[in-house]
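Residue numbers for the sequence shown follow the working numbering, beginning at 1373 and rising by one.
Where a beta carbon is used, it is the ideal one built from N, C-alpha and C, also for glycine.
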Amino acid sequence: MIRVTFPFKNIRSYFKQVLYLYLVSIILGGALYLLNLHFSYKNSGVIFFHNGLSINFLILLIVSPLIIIWYIKEAREHKNTYQNIYTVKVVADKKEYTLKGYLDTGNHLKDPYKKRSVLLVEKGLIPIQEKEVIYVPYTALNHQGIVKCKKVEKIEINGKNYTNMLIGYSKEKFKIEGIDCIIPMMIKEDENG
């Protein structure tokens, strides 16, 4: 079921998903069995017999709408997250790097001198020498700092080329699985305008 439902990313996430499937199946199956024994069946010695309406049916009537509402809410959040994922090609030092980027609507980071937008990349994916470093200050939720940036030849996002853009190096890994870079909001503004 996991293999058909979810795309294969890596072996670790695959086994994690299989483990969750088995854990949920065992817990839900055991809980339903317990409720059935206590509420639906009566025993006379070692003989169990069914008397009245099954508790499974009642639980199904009560829990199904809640599960459907939860599923719809999660599907909308999932759609909103993954419709903002783009393929990003960065050409730096005559080499091309293909990355997965997430469009962050809150990322308005720009170089204060030439007003170039900054594409945040996980540190170590694209090499940088100290002579190429451009320091860009940032402010984020009561936190200030400086991002090491680099000018690259070209950045291609969703088939559109950008030459007046910097890549900045993030010190931390991004929390969205499979994402290598954070795309600035100016990309969406270019699409709309």
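Could you check where the beta strand (DSSP E) with residue i kicks off and where it finishes?
| i | result |
| --- | --- |
| LYS1520 | 1515–1523 |
| LEU1538 | 1537–1542 |
| ASN1533 | 1532–1534 |
Starting from the C-beta of residue i, find all residues in its chain whose C-beta is less than 6 Å away, skip the five residues before and the five after it, and write them out in chain order.
| i | result |
| --- | --- |
| ILE1559 | ILE1529 |
| ILE1539 | LEU1491, VAL1493, LYS1522 and VAL1524 |
| ASP1465 | none |
| MET1557 | THR1477, ASN1479 and HIS1480 |
| LYS1486 | none |
| GLU1502 | none |
| TYR1469 | VAL1462 and ILE1498 |
Would you tell me roughly how many angstroms separate the C-alpha atoms of residue i and residue j, rounded to the nearest one?
| i | j | result |
| --- | --- | --- |
| GLN1389 | ILE1374 | 7 Å |
| ILE1498 | SER1542 | 11 Å |
| ILE1434 | LEU1407 | 14 Å |
| ASP1476 | ARG1384 | 27 Å |
| LEU1400 | LEU1393 | 11 Å |
| LYS1545 | ILE1527 | 21 Å |
| TYR1443 | HIS1450 | 10 Å |
| VAL1463 | ILE1440 | 45 Å |
| ASN1514 | LEU1481 | 15 Å |
| LYS1506 | PRO1437 | The sequence as given places Ile at residue 1506; Lys does not occur at that position. Going by the C-alpha atoms only, they are around 54 Å apart. |
| LYS1547 | LEU1395 | 24 Å |
| VAL1519 | TYR1454 | 26 Å |
| ALA1403 | PHE1429 | 14 Å |
| TYR1386 | THR1535 | 38 Å |
| ALA1447 | GLU1504 | 43 Å |
| ILE1551 | PRO1484 | 26 Å |
| ASN1382 | LYS1445 | 27 Å |
With a threshold of 8 Å on Cβ separation, who are the neighbours of residue i within its own chain once the five nearest residues in sequence on each side are excluded?
| i | result |
| --- | --- |
| GLN1516 | PRO1509 and TYR1510 |
| LYS1495 | TYR1541, SER1542 and LYS1543 |
| ASN1533 | LYS1526 and ILE1527 |
| PHE1380 | TYR1386 |
Should residue i be labelled buried (16 or more other beta-carbon atoms within 10 Å of its own) or exposed?
| i | result |
| --- | --- |
| LEU1409 | exposed |
| ALA1512 | exposed |
| ARG1488 | buried |
| VAL1460 | buried |
| TYR1405 | exposed |
| LEU1391 | exposed |
| LEU1471 | buried |
Between which two residues does the alpha helix (DSSP H) carrying residue i extend?
| i | result |
| --- | --- |
| GLY1550 | Note, GLY1550: premise wrong, no alpha helix (DSSP H); not H, not E. |
| LYS1388 | 1383–1407 |
Going along the chain, which residues of its own chain have a beta-carbon closer than 7 Å to the beta-carbon of residue i, five neighbours each way excluded?
| i | result |
| --- | --- |
| TYR1458 | GLY1473, LEU1475, ILE1529, ASN1530 and ILE1555 |
| PHE1378 | GLN1389 |
| ASN1456 | TYR1474 and LEU1475 |
| SER1397 | none |
Ignoring anything shorter than 3 residues, give me the beta strand (DSSP E) runs that lie fully in the region 1422–1509, in order along the chain. 1457–1464, 1467–1475 and 1489–1494
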